[in-house]
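Undergrad: Residue numbers (our numbering), protein chains in the order written: chain A, 47 to 604; chain B, 73 to 660. We put the beta carbon where it would ideally sit given N, CA and C, even for glycine.
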């Protein structure tokens, strides 16, 4: 079954692509330490494994340190250098607050030199459990079917609960059709199985059977869904769902042609996705590809589609000269044949990235990982079809092809996620194009110069919250924007650590505006009153460290 | 269903060195598309609606190579509009397994019907608790198959495709298991495989019932059977670490190679214990493993060669033996060197009408697109070699009848050509010698790879291999009988040897096949000539899934075979196109 397995892996790589390219960082030795306690109420939790990794976003387990809590629920990491760290307790059956969206809740800590940081505690509650059996229309168990949970928020909105369900096969039925989800935060849940209707979700590559989305207690109409209440440490039993008849799946076949010459394009990658209605227009919702390419006649085939509206497009890859808009097709109750994807030969941009100022070995090494990306605005709606930006050549030159015409903008990013550079300006033939430029159909633009810089300035800060508390699950972030530069190009951001500290590094000397954005709960629209609580402060950065304190007042009426 | 094909694969291709004249190379006929159909049923006779069927072209260089479909409500599937080629066809349905022994891939062609019967796999359940008797939560499980249903050792396979973990009660349930004996491991990086970090990653993990691998008890499970109470007492034992770096290989970042994979294999057994990954943009190219238990291991690295990654070349490291005994191992260097490849073309020869009559000619129009070119590694009988990184190099010839076998390690290989029907045989496999460096150097015409096999050096890109296939193949089939009332041994192997002394060293003319319960045997795709048939016992320890390397590969064994065959004197002479059926081979 090797080939089937490979297929799954490709999907996984796409989904986790961002994680894969996030550079792990070594933990450096030093004289500081972090310690704390893990407890449920007053009761210590012994034997909980905690991992520590360096960097704001942490790293992977290969470069992390691990310890376990002792009988008193205490843990300690010593011998650490001053740095940003992330602490991840591995306690799947428990619920605790995390400071970022992740499959694994965690806390960031900024540690100083010779600092013995204490009381980085984790206060846990025992998560709830939900279990039940999924059967098909004939009463047979449905095997390896994923159960989806949605949480009803205080404002009545629903948001998808992910938790550890994606990586962990938790929430997937076994050979008896039974699932068991644990470590659930207390709340009101909607439980469902099957494909959603018009919610833009799609399983690329598809597997096994497609069932219409069915909610607990075995209803297809979302309005009839019953809430399952989960409380701390409780077990919701027999949350069983009987599914309707599985949906027939269909195939779409088509070809990709050069819209100008009508010639088929062979060996090009194609992608597809579900179209969703956004107001009065339809656009691609979730999309992806399987790594398959068109054959010698430019033909492609997409299988495993249930009824719905889809879009297929040429998936541009590095070196591809073409782009396409999605060709929209509708699957009702039969295969779709004769789909034609019109690909256009795109524009090209070439130029060079140069470092302004002194080049250090570090900046030289990081420079090699820079990529130049292109964004285009069409009808004022930015589209950016996923495309891994090609890294620049060792001499800084770059060449982008297959670009969609429109109001184009260039940007830089680092393929390892550790970008220490900011764009100072971009020019072509002496003209500033930092804020974008017109790219006409098939244009071949050369001589673009992107000037980047990197400094040794650091803003270190402390955030104080007065007049209230940050709502549960909300996050705070700080960003720095360089002022008085030719074009106010923004740069740098930091996440608040467990003590409300942040650090922004690699800043070029200059005047910056620091912004502390109001707390937001992921998936929820912050209120206008909350939006107005944004705090800004101007900071002058030199070649060293600047310390800043930002205070946000959450009291009413402020 | 595909009896003939199965046997061909047991055979090495057969050869006669060129002596016939008037051969014409066939024209390439326009390729007609076709379909592969079949049905997936459960062993209860019910159709397996929704089973995933994978139909893919052998090799990996065809963009249109792969089709995944679901069986319909009657269990049927059709994949149409297929170009002529050799295909592999699999059916899979979660929690179900195919009871057939799949030690060798079977290949299918346009027009074939492939039927599958899937059986509910075995189930193992249990609870993992710590030494205080408390449940161990979210611990990953590895289920390692170590023996087949008859208790014979097999190539160890871990459970990676569908990770299982204990729940909040410490309970686990693993299903869809093939019949056999398993080791059950809780915790440790081996069990975790890929995935986010886990509390138990740096432990060595605990085998059922309570400790290291030496004290592990094998759990036997049959198809459809549920084994409960495989409870593991988890000992949180810190393993040791291995760290080091990868030297050499591609310069710059490795985006085009998808990074470097480092694989830690057990020794012996050579199942993957753990794998690590160096990110494409990590300039240090350093790696580390944690939670490694005492024992012997082989460590290998590779860059490129992965599916879905387009690389200019790919790189392997030679395996590095690591011994862990009560301490960490540091500063291991793995040196990447380019992989080897074998390239060439297939030539089709047609025998003149007077030798091979029309009715004996192949009805197929798409040879050689339907051929499978493969290589089998000859380890010289050593069973403790690390697993090759490309275990089964195969390719199908392209429109120009050219093939390329990539990602090969240095070593000795034997060509393994699978023909689409029984009218053809492999006449020769020749390698054109490299151009002589000086005029004084004698031009050696050709190396006979059919006879000698291929000796591949590290990084060697071997070109100009010509495989000549010709029609007029002969075949022989029959049955084994004993003396009256004589009980036949449960498993026998029939060997086929060229009787002509001049062909004694020509491996392409040897063959062997294991008989099944019906005592029948068959050899097809034979070059005309004189052959001996010889019956031998199959070693008791040889598992069906892990056949011994062909006896003829070993020079000493080959001579012994010849002596025995000469003494037994079961001589047959096969003319072009001749099919001898109902041959009775007596066990003496």
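Note down the Cα distance separating residue 474 of chain A from residue 409 of chain A, rounded to an integer number of angstroms.
TA: Counting from 1 along the first chain, the entry for residue 474 of chain A is found at position 428. Counting from 1 along the first chain, the entry for residue 409 of chain A is found at position 363. So the alpha carbons of these two residues sit roughly 24 Å apart.
Undergrad: Assuming the contact rule is C-beta atoms closer than 8 Å, residue 164 of chain A and residue 81 of chain A should be a hit. Round their C-beta distance to whole Å, please.
TA: Within the first chain, the letter at position 118 stands for residue 164 of chain A. Within the first chain, the letter at position 35 stands for residue 81 of chain A. Yes, residue 164 of chain A and residue 81 of chain A are in contact; Cβ-Cβ is about 5 Å, under 8 Å.
Undergrad: Pull up the DSSP beta-bridge partners for residue 199 of chain B, would you.
TA: Here residue 199 of chain B refers to the residue found at position 127 when the second chain is read from its first residue. Per DSSP, B:243.
Undergrad: Within its chain, find whatever has a CB closer than 6 Å to the CB of residue 211 of chain A; leave out the 5 residues flanking it on each side and keep chain order.
TA: Along the first chain, read from residue 1 onward, the residue named residue 211 of chain A stands at position 165. These residues qualify, in order along the chain: 217.
Undergrad: Measuring only the C-alpha atoms, how far is residue 647 of chain B from residue 496 of chain B?
TA: In the second chain, counting from the first residue as 1, residue 647 of chain B sits at position 575. In the second chain, counting from the first residue as 1, residue 496 of chain B sits at position 424. Rounded to whole angstroms, residue 647 of chain B to residue 496 of chain B spans 13 Å at the Cα level.
Undergrad: What residue ranges within the segment 476-504 of chain A form continuous beta strand (DSSP E) runs of no fewer than 3 residues, ordered along the chain?
TA: For the segment 476-504 of chain A, whole beta strand (DSSP E) runs of length 3 or above, ordered along the chain, are 483-485 and 490-499.
Undergrad: Around the C-beta of residue 169 of chain A, are 16 or more other C-beta atoms found within 10 angstroms, so that it is buried, or is it exposed?
TA: Residue numbering aside, residue 169 of chain A sits at position 123 when the first chain is read from its first letter. The residue is exposed, with fewer than 16 neighbouring Cβ atoms inside 10 Å.
Undergrad: Anything in chain A within Cβ reach of residue 271 of chain B, meaning under 7 Å, just list it in chain order.
TA: Taking the first residue of the second chain as 1, we reach residue 271 of chain B at position 199. Per Cβ cutoff of 7 Å: 95 and 136.
Undergrad: Find the nearest neighbour of residue 160 of chain B within the set B:256, B:126 and B:536, judged by alpha-carbon distance.
TA: Locating residue 160 of chain B in the second chain gives position 88, where the first residue counts as 1. Ranking the options by Cα distance to residue 160 of chain B, first place goes to B:126.
Undergrad: Taking DSSP as the reference, what is the three-state secondary structure of residue 281 of chain B?
TA: As a working mapping, residue 281 of chain B is identified with position 209 in the second chain. If DSSP states are grouped into helix, strand and coil, residue 281 of chain B belongs with coil.
Undergrad: Using the C-alpha atoms, what's the distance from residue 266 of chain A back to residue 350 of chain B?
TA: Your numbering for residue 350 of chain B matches position 278 in the second chain. Your numbering for residue 266 of chain A matches position 220 in the first chain. Taking the straight line joining both Cα atoms gives about 46 Å.
Undergrad: What number of angstroms, rounded off, separates the C-alpha of residue 656 of chain B from the C-alpha of residue 427 of chain B?
TA: Within the second chain, numbered from 1, the residue matching residue 656 of chain B stands at position 584. Within the second chain, numbered from 1, the residue matching residue 427 of chain B stands at position 355. Using only the alpha carbons, I get a separation of about 28 Å.
Undergrad: Under 8 Å, Cβ to Cβ, is there at least one residue of chain B near residue 139 of chain A?
TA: Position 93 of the first chain holds residue 139 of chain A. Yes, contact with chain B.
Undergrad: Residue 563 of chain A CB to nearest chain B CB: under 8 Å?
TA: Within the first chain, numbered from 1, the residue matching residue 563 of chain A stands at position 517. Closer than 8 Å: no.
Undergrad: Who are the near neighbours of residue 641 of chain B in its chain, counting only those whose CB is closer than 6 Å to its CB and skipping five residues on each side?
TA: Numbered from 1 along the second chain, position 569 holds the residue referred to as residue 641 of chain B. Cβ neighbours of residue 641 of chain B beyond the five flanking positions: none.
Undergrad: What's the call for residue 578 of chain A, buried or exposed, on a 16-neighbour Cβ count within 10 Å?
TA: Looking up residue 578 of chain A in the first chain gives position 532. Exposed: under 16 other Cβ atoms inside 10 Å.
Undergrad: Could you tell me the alpha carbon to alpha carbon distance between residue 57 of chain A and residue 333 of chain A, rounded to whole angstroms?
TA: The residue labelled residue 57 of chain A in the question sits at position 11 within the first chain. The residue labelled residue 333 of chain A in the question sits at position 287 within the first chain. Because the pLDDT of residue 57 of chain A is 28, which lies under 50, any placement of that residue in the model is unreliable, and the question is left without a value.
Undergrad: Do residue 164 of chain B and residue 143 of chain B have their C-beta atoms within less than 8 Å of each other?
TA: If you number the second chain from 1, residue 164 of chain B lands on position 92. If you number the second chain from 1, residue 143 of chain B lands on position 71. No, they are not a contact pair.
Undergrad: Helix, strand or coil: how does DSSP classify residue 471 of chain B here?
TA: As a working mapping, residue 471 of chain B is identified with position 399 in the second chain. In this structure, residue 471 of chain B counts as coil in the three-state DSSP scheme.
Undergrad: Just to confirm the assignment: which complete beta strand (DSSP E) runs, minimum length 3, are found wholly within the segment 535-582 of chain B?
TA: You should have 546-553 and 564-570.
Undergrad: Could you tell me which of B:275, B:109 and B:191 sits nearest to residue 112 of chain A, measuring between CA atoms?
TA: Taking the first chain and counting its residues from 1, one reaches residue 112 of chain A at position 66. Selected option, being the one with the closest Cα: B:275.
Undergrad: Say whether chain A places a C-beta atom closer than 8 Å to the C-beta of residue 353 of chain B.
TA: Numbered from its first residue, the second chain carries residue 353 of chain B at position 281. Residue 353 of chain B counts as touching chain A.
Undergrad: Counting only beta-carbon separations shorter than 8 Å, does residue 57 of chain A have a partner in chain B?
TA: Numbered from its first residue, the first chain carries residue 57 of chain A at position 11. Unreliable positioning characterises residue 57 of chain A in this predicted model, as indicated by a pLDDT of 28, which lies under 50. The coordinate reading is nonetheless provided below. So no, residue 57 of chain A is outside the interface.
Undergrad: Compute the distance between the beta-carbons of residue 344 of chain A and residue 301 of chain A, then report whether it is under 8 Å.
TA: In the first chain, counting from the first residue as 1, residue 344 of chain A sits at position 298. In the first chain, counting from the first residue as 1, residue 301 of chain A sits at position 255. For residue 344 of chain A and residue 301 of chain A, yes; Cβs fall inside 8 Å.
Undergrad: Using only the alpha-carbon positions, how far apart do residue 403 of chain B and residue 390 of chain B sit?
TA: Counting from 1 along the second chain, the entry for residue 403 of chain B is found at position 331. Counting from 1 along the second chain, the entry for residue 390 of chain B is found at position 318. Residue 403 of chain B and residue 390 of chain B: Cα-Cα distance of roughly 16 Å.
Undergrad: Please list the partners that residue 248 of chain B has in chain A, where partner means a Cβ-to-Cβ separation under 8 Å.
TA: As a first step, residue 248 of chain B is located in the second chain; it is residue number 176 there, counting from the start. Per Cβ cutoff of 8 Å: 221.
Undergrad: Can you name the start and end residues of the alpha helix (DSSP H) that residue 650 of chain B belongs to?
TA: Mapped onto the second chain, residue 650 of chain B falls at position 578. Element bounds for residue 650 of chain B: n/a, residue is neither H nor E.
Undergrad: Quick check: what's the CA-CA separation for residue 365 of chain B versus residue 211 of chain B?
TA: Position 293 of the second chain, counting from 1, holds the residue named residue 365 of chain B. Position 139 of the second chain, counting from 1, holds the residue named residue 211 of chain B. The alpha-carbon atoms of residue 365 of chain B and residue 211 of chain B are separated by roughly 17 Å.
Undergrad: What number of angstroms, rounded off, separates the C-alpha of residue 26 of chain B from the C-alpha of residue 611 of chain B?
TA: For residue 26 of chain B there is no data in the structure shown, the boundaries of chain B being 73 and 660.
Undergrad: To the nearest angstrom, how far is the alpha carbon of residue 547 of chain A from that of residue 510 of chain A?
TA: Numbered from 1 along the first chain, position 501 holds the residue referred to as residue 547 of chain A. Numbered from 1 along the first chain, position 464 holds the residue referred to as residue 510 of chain A. If I take the Cα positions, the gap works out to 9 Å.
Undergrad: Kindly identify the DSSP beta-bridge partner or partners of residue 389 of chain A.
TA: Looking up residue 389 of chain A in the first chain gives position 343. In the DSSP output, where bridge partners are listed per residue, residue 389 of chain A has A:304 and A:370.
Undergrad: Counting only Cβ pairs nearer than 7 Å, list the residues of chain A close to residue 274 of chain B.
TA: Stepping through the second chain from its first residue, residue 274 of chain B is reached at position 202. Within 7 Å Cβ-Cβ: 112.
Undergrad: With a cut-off of 8 Å, does the C-beta of residue 389 of chain A fall near any C-beta of chain B?
TA: Counted from its first residue, the first chain places residue 389 of chain A at position 343. Cβ-Cβ to chain B under 8 Å: no for residue 389 of chain A.
Undergrad: Tell me whether residue 580 of chain A is buried or exposed, calling it buried when 16 or more other Cβ atoms sit within 10 Å of its Cβ.
TA: Stepping through the first chain from its first residue, residue 580 of chain A is reached at position 534. Residue 580 of chain A is exposed by the Cβ-count criterion.
Undergrad: Leaving aside the five residues before and after residue 229 of chain A along the sequence, list all residues of the same chain whose C-beta is less than 6 Å from its C-beta, in chain order.
TA: As a position in the first chain, residue 229 of chain A is number 183, starting the count at 1. Once the five neighbours on either side are set aside, the close Cβ partners of residue 229 of chain A are 138, 139 and 173.
Undergrad: Should residue 389 of chain A be labelled buried (16 or more other beta-carbon atoms within 10 Å of its own) or exposed?
TA: Looking up residue 389 of chain A in the first chain gives position 343. So residue 389 of chain A ends up on the buried side.
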